[in-house]
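S.K.: Okay, here's the structure, questions in a sec.
Okay, structure coming up:
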């Protein structure tokens, strides 16, 4: 049985609308993202989310329905991909969204889907609603006047046939009669010409039109641009009067017509005078979205992300022509909404959505981006980076711990980017103390007196001074405080018992009292030396003098020097740390040896030493923290060592012998992290690591957990518990000093690195500490579109490119990257080395060499991180996928899969030899290799299992099919998720788990794959990556794979342990039956498998984690109703769901 939980929800925006949903005076923006409806409010030039509503269906249309009631709000009409429709209204008294009406189109199984996306049109008067869902069919709906006792405002839909097939666009025209006009832009089925026609929606008796082309068609124009895609209705001018002259030789065009938007020309039709005006474009372009700026100006977005303004040129209501002007660049738009006052929402499927301000001044018109809304879609490929894999330690793909990071290739062409997706907590800023500052070296909190119950003073250290802030009645900056040395950098400031303060600078260590003389005790280093590093607790101070001598001071003996230890010649102290909860223990890191030593502070004798360096590593320890993260009855202290190369090492510390064990590592950057201990309840602590990938390190369920923190620019931090800012953190960045709160709930955090190309394929190399990315770039040169592919390395922290980019240039035409993998292959000397294998295809239909349609290329990486070709193999077809099988290269070609042996003969040459082939049923799409078994996903015929058998005694190697799924399934991806089990996704958004019955009674049973789980996700999965996670003994589910979709979603797929299957499936049924959802849509129908050939009534042995987690959002009464007769108590079920939620 299977379990699916969302890590990142859909972020692609395909549908948006503006309406008075929440208030009759203030409009809001409604956005459709996958299976969610988001309501946003506009204030001060930015959008803020009001609510996010889950829907048991994938949004396919949004429309505004206005009831004819004074001072009433609008209703939202919503349609789903399952042809389910409902209207939604907001109840301001209960502050809840209510479903007012819903219905289902049951005729869809007998119809042919429309070739364009589903169209939903509301006429300008708000009396009629038209749906275009199927070829040759319109669903016409009247919008009724509300009556007492009736909440429905939509009449029963009535289907009307039309002769216009292959519809590209449709729109209502502006008219002054009660008979709305509708225009269709369609492709003629006979000659393929693009034509536009207009009809009246109803006749004189207000009955639905029959749309007879010979009787009811009012206008028909041809000779349109072959790439025409949109219709823009133009309203009539205010107070405009029409004078139609019967015998005029030339018909004049007036406002009130429609513009046909093409790629090379625009065509304007006055539907009353039938006059036509054409406007040829200076430069051809493909337009993808439009929005009205005002009655005569319209904004159009094209496929390249350019924003244009189209102006209707008029003279006293007569249309004289059109003009098109390029304004600038925005995200490639899927939908654009005018929010008013020159502010527009740009919703995008391939790029970040934006809120922009547009000025159409003829001389200085410009676009200002006010807000960017992150979009990860579409995810073309992704890699799972184990952040603890640099040293070859046990790898973990646990996403929830922050150990695993997903790096996606997102967007397309100029919007292409790399996105780092990681689980973590957020920092919410509550106040800024210093703005516009830089080079803060440290922050320390103090209590002004022994009687203070809260932190009330803050020391901010700069290279040449310190600044003091107090938090008493108000925040105040002081010129002096308790005798602290104000000049020079302070290395440490902390409270001691009895109201004393310890301050350490480069020139002295001082204990300060209440005054008036302040100085209670002071120690200074020998002349010619300085304090380079220091750490202390309430009993001891450990000092590094000029990096060559260790000195221990006893605080209780007024800073008496109790031990001194000069270092061996050539060695230096890299860092020191005094443990707070072990009074006489210190830890020191050394430069030369790259080791650490645990010392007795009474005599500076070494208790235990550990060499931190591994093979091929010369890194140095730079920062140390030893603290209690886990309860003392569970584990001893944990030692953290931040290395110079960005690795943080973790050790378990034996409380009695101080020996170190359980070494683990995690990569947090390319430079060392600063470790800051943050106290928490129960005598435990957290550790905040500030670096390129800032992380909060804490103990949970008996293990150390790393969670990403949204503090990318933090330089240093400290805990701050003042009366005005309880349980806070002071964070210093390179621009400001601020007070923040750490979120209590872990969330998914996304970091974006803009590439400007389509990142089609990505592979991670731990040895090179880099990602290999295959990109496709599209450029316009002299009006001609050119496409180029390239391969480059980007380092795994900042994603900055390293080395030179390799461009694919071949006389055979444009070469596209199809796949990339990273592997280890023997070089010409027999040593195992890092290699990237790339499969390509040629774009040209008629290449110069007929037998050259693709290649397999072997790339090496030189010491300067430059990729170079070692060898290549020319193919007669495209290479779609490559994988490694028993040290051999397995290639997925257009019709077959082929196994090659590869031998590297020199540093820049190698030989390929074909060993075995297997022909797929139609076209192979994806493969998954486990041992000697190959799972092959076919474009039309689901999955086949192929077994590899090495040749013996002169016999050749063989690839033979041993099992397959015999049902039709348009596969998109496949991955191994268990012993003889595979997860497959298909083109229709379904997920299937297939199992090989190796113990079947008959041969047919053994050859037929069994479906053990199936459900409809509603999104097309582009890639599935297998992961390995060691489950805890009490785990209910075991993570097996990550899934990424075209809508920007990322899911965690898990298998349910047998003892938990019954409980989770019954819990899912109870929640589906009891918890209401907007639209009153059935959960079982929503998640049921659906293909053109087969449909089920409910998901089969699949548990939806998103639905399960909604249990936590319910009130106690609803939770009790769900748990009735379930078995476990409400509290037990709540704990179960919380544990499941912690998976992501």
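In the UniProt record's numbering, the protein residues as written are 1 to 1144.
Every residue gets a Cβ at the ideal spot worked out from N, C-alpha and C, and that includes glycine.
Between which two residues does the beta strand (DSSP E) carrying residue 1106 extend?
M.R.: Translated into the one-based positions of the chain shown, residue 1106 becomes position 1106. No beta strand (DSSP E) holds residue 1106; the alpha helix (DSSP H) holding it covers 1105 to 1109.
S.K.: Using 10 angstroms around the beta-carbon of residue 714, count the other beta-carbons present and answer buried if the total reaches 16, otherwise exposed.
M.R.: Walking along the chain shown from the start, residue 714 turns up at place 714. By the Cβ-count criterion, residue 714 is buried, with 16 or more other Cβ atoms from all chains shown falling within 10 Å of its own Cβ.
S.K.: Should residue 568 be labelled buried (16 or more other beta-carbon atoms within 10 Å of its own) or exposed?
M.R.: Taking the chain shown and counting its residues from 1, the one referred to as residue 568 is at position 568. So residue 568 ends up on the exposed side.
S.K.: Alpha helix (DSSP H) containing residue 1121: first to last residue?
M.R.: As a first step, residue 1121 is located in the chain shown; it is residue number 1121 there, counting from the start. Unbroken alpha helix (DSSP H) run through residue 1121: 1116 to 1123.
S.K.: Determine whether the beta carbon atoms of residue 169 and residue 231 lie at a separation below 8 angstroms.
M.R.: For the purposes of this step, residue 169 is identified with residue 169 of the chain shown, where counting begins at 1. For the purposes of this step, residue 231 is identified with residue 231 of the chain shown, where counting begins at 1. Yes, they are a contact pair.
S.K.: On the DSSP bridge assignment, give the partners of residue 230 in chain order.
M.R.: Locating residue 230 in the chain shown gives position 230, counting from the first residue. Among the bridge pairs identified by DSSP, residue 230 is matched with 261.
S.K.: If I'm right that residue 235 touches residue 188 with Cβ under 8 angstroms, what's the distance once you round it to whole angstroms?
M.R.: Numbered from its first residue, the chain shown carries residue 235 at position 235. Numbered from its first residue, the chain shown carries residue 188 at position 188. Between residue 188 and residue 235 the Cβ distance is about 29 angstroms, and since that is not below 8 angstroms, they are no contact.
S.K.: With a cut-off of 8 angstroms, do at least 3 Cβ pairs link the stretch 695 to 707 to the stretch 825 to 838?
M.R.: Too few Cβ pairs lie closer than 8 angstroms, so no.
S.K.: Considering only the beta carbon of each residue, do residue 915 and residue 927 sit closer than 8 angstroms?
M.R.: As a first step, residue 915 must be located in the chain shown, where it is residue number 915. As a first step, residue 927 must be located in the chain shown, where it is residue number 927. Not closer than 8 angstroms, so no.
S.K.: Pull up the DSSP beta-bridge partners for residue 842, would you.
M.R.: One-based indexing of the chain shown puts residue 842 at position 842. Its beta-bridge partners are 815.
S.K.: When burial is assigned at 16 or more other CB atoms within 10 Å of the CB, is residue 106 buried or exposed?
M.R.: If you number the chain shown from 1, residue 106 lands on position 106. With fewer than 16 other Cβ atoms within 10 Å, it is exposed.
S.K.: Could you name each continuous beta strand (DSSP E) segment of 3 residues or more that falls completely within the stretch 704 to 762, going from the start of the chain to the end?
M.R.: 714 to 720, 728 to 733, 736 to 742 and 747 to 754
S.K.: Kindly list the residues whose CB is nearer than 8 angstroms to the CB of residue 909, restricted to its own chain and excluding five residues on each side of it in sequence; keep chain order.
M.R.: Counting from 1 along the chain shown, the entry for residue 909 is found at position 909. 870 and 871, listed in sequence order.
S.K.: Please report the straight-line C-alpha distance between residue 132 and residue 986, rounded to a whole angstrom.
M.R.: Looking up residue 132 in the chain shown gives position 132. Looking up residue 986 in the chain shown gives position 986. In this structure, the straight-line span from the alpha carbon of residue 132 to that of residue 986 is close to 26 angstroms.
S.K.: Note the first and the last residue of the continuous beta strand (DSSP E) segment covering residue 1022.
M.R.: Numbered from 1 along the chain shown, position 1022 holds the residue referred to as residue 1022. Its beta strand (DSSP E) spans residues 1021 to 1026.
S.K.: Residue 652 to residue 658, Cα distance in whole Å?
M.R.: Position 652 of the chain shown, counted from the start, is the residue given in the question as residue 652. Position 658 of the chain shown, counted from the start, is the residue given in the question as residue 658. Their backbone Cα atoms lie some 9 angstroms apart in a straight line.
S.K.: Is the stretch 751 to 764 close to the stretch 435 to 447, with three or more CB pairs under 8 angstroms?
M.R.: no
S.K.: Rounded to the nearest angstrom, what separates residue 925 and residue 1020 at their Cα positions?
M.R.: The residue labelled residue 925 in the question sits at position 925 within the chain shown. The residue labelled residue 1020 in the question sits at position 1020 within the chain shown. C-alpha separation (whole angstroms): 14 angstroms.
S.K.: When DSSP labels each residue in this structure, what does residue 179 get in the three-state scheme?
M.R.: As a first step, residue 179 must be located in the chain shown, where it is residue number 179. Correct three-state label for residue 179: coil.
S.K.: Can you find a C-beta in chain B that's less than 8 angstroms from the C-beta of residue 594?
M.R.: Protein chain content of the structure displayed is limited to a single chain, and chain B is not contained in it.
S.K.: Could you tell me whether the Cβ atoms of residue 461 and residue 503 are closer together than 8 angstroms?
M.R.: Counting from 1 along the chain shown, the entry for residue 461 is found at position 461. Counting from 1 along the chain shown, the entry for residue 503 is found at position 503. No, they are not a contact pair.
S.K.: Nearest CA to the CA of residue 1100: which residue from 1077, 1118, 684 and 1061?
M.R.: Taking the first residue of the chain shown as position 1, residue 1100 is located at position 1100. Comparing Cα-Cα distances from residue 1100 to each of 1077, 1118, 684 and 1061, the minimum goes to 1061.
S.K.: On the DSSP bridge list, what partners appear for residue 1144?
M.R.: The residue labelled residue 1144 in the question sits at position 1144 within the chain shown. Paired residues: none, contrary to the question.
S.K.: Flag this pair as touching only if the stretch 864 to 883 and the stretch 819 to 835 have three or more C-beta atom pairs under 8 angstroms; answer yes or no.
M.R.: yes
S.K.: So what's residue 690 in DSSP terms, helix, strand or just coil?
M.R.: The residue labelled residue 690 in the question sits at position 690 within the chain shown. Correct three-state label for residue 690: strand.
S.K.: What's the gap between the Cα of residue 126 and the Cα of residue 195?
M.R.: Here residue 126 refers to the residue found at position 126 of the chain shown. Here residue 195 refers to the residue found at position 195 of the chain shown. Cα to Cα, residue 126 sits roughly 27 angstroms from residue 195.
S.K.: Tell me whether the beta-carbon of residue 62 lies closer than 8 angstroms to the beta-carbon of residue 32.
M.R.: As a working mapping, residue 62 is identified with position 62 in the chain shown. As a working mapping, residue 32 is identified with position 32 in the chain shown. Result yes, Cβ atoms of residue 62 and residue 32 sit closer than 8 angstroms.
S.K.: On the DSSP letters alone, give me the boundaries of the alpha helix (DSSP H) that residue 1073 sits inside.
M.R.: For the purposes of this step, residue 1073 is taken as residue 1073 along the chain shown, with counting starting at 1. Note, residue 1073: alpha helix (DSSP H), 1058 to 1074.
S.K.: Would residue 977 and residue 876 qualify as a contact pair, given that the criterion is a beta-carbon distance under 8 angstroms?
M.R.: Numbered from 1 along the chain shown, position 977 holds the residue referred to as residue 977. Numbered from 1 along the chain shown, position 876 holds the residue referred to as residue 876. No. Outside cutoff.
S.K.: Which stretch, first to last residue, makes up the alpha helix (DSSP H) that contains residue 1084?
M.R.: Translated into the one-based positions of the chain shown, residue 1084 becomes position 1084. Counting along the chain, the alpha helix (DSSP H) containing residue 1084 begins and ends at 1083 to 1087.
S.K.: Return the chain-ordered list of same chain residues with a C-beta closer than 6 angstroms to the C-beta of residue 1112, the five sequence neighbours on each side being excluded.
M.R.: Here residue 1112 is taken as the residue at index 1112 of the chain shown, counted from 1. Result list for residue 1112: 1137, in chain order.
S.K.: For residue 28, list the residues DSSP reports as bridge partners.
M.R.: Numbered from 1 along the chain shown, position 28 holds the residue referred to as residue 28. Beta-bridge pairing links residue 28 to 19.
S.K.: Is the number of C-beta pairs between the stretch 170 to 179 and the stretch 143 to 155 that are closer than 8 angstroms three or more?
M.R.: no
S.K.: Would you give the residue range spanned by the beta strand (DSSP E) that residue 664 belongs to?
M.R.: As a first step, residue 664 is located in the chain shown; it is residue number 664 there, counting from the start. Element bounds for residue 664: 660 to 667.
S.K.: Any idea if residue 952 is buried or exposed, counting beta-carbon neighbours within 10 angstroms, 16 or more meaning buried?
M.R.: Position 952 of the chain shown, counted from the first residue, corresponds to residue 952. It counts as exposed.
S.K.: Where does residue 772 fall in DSSP's three states?
M.R.: Counting from 1 along the chain shown, the entry for residue 772 is found at position 772. Here residue 772 sits in strand by DSSP.
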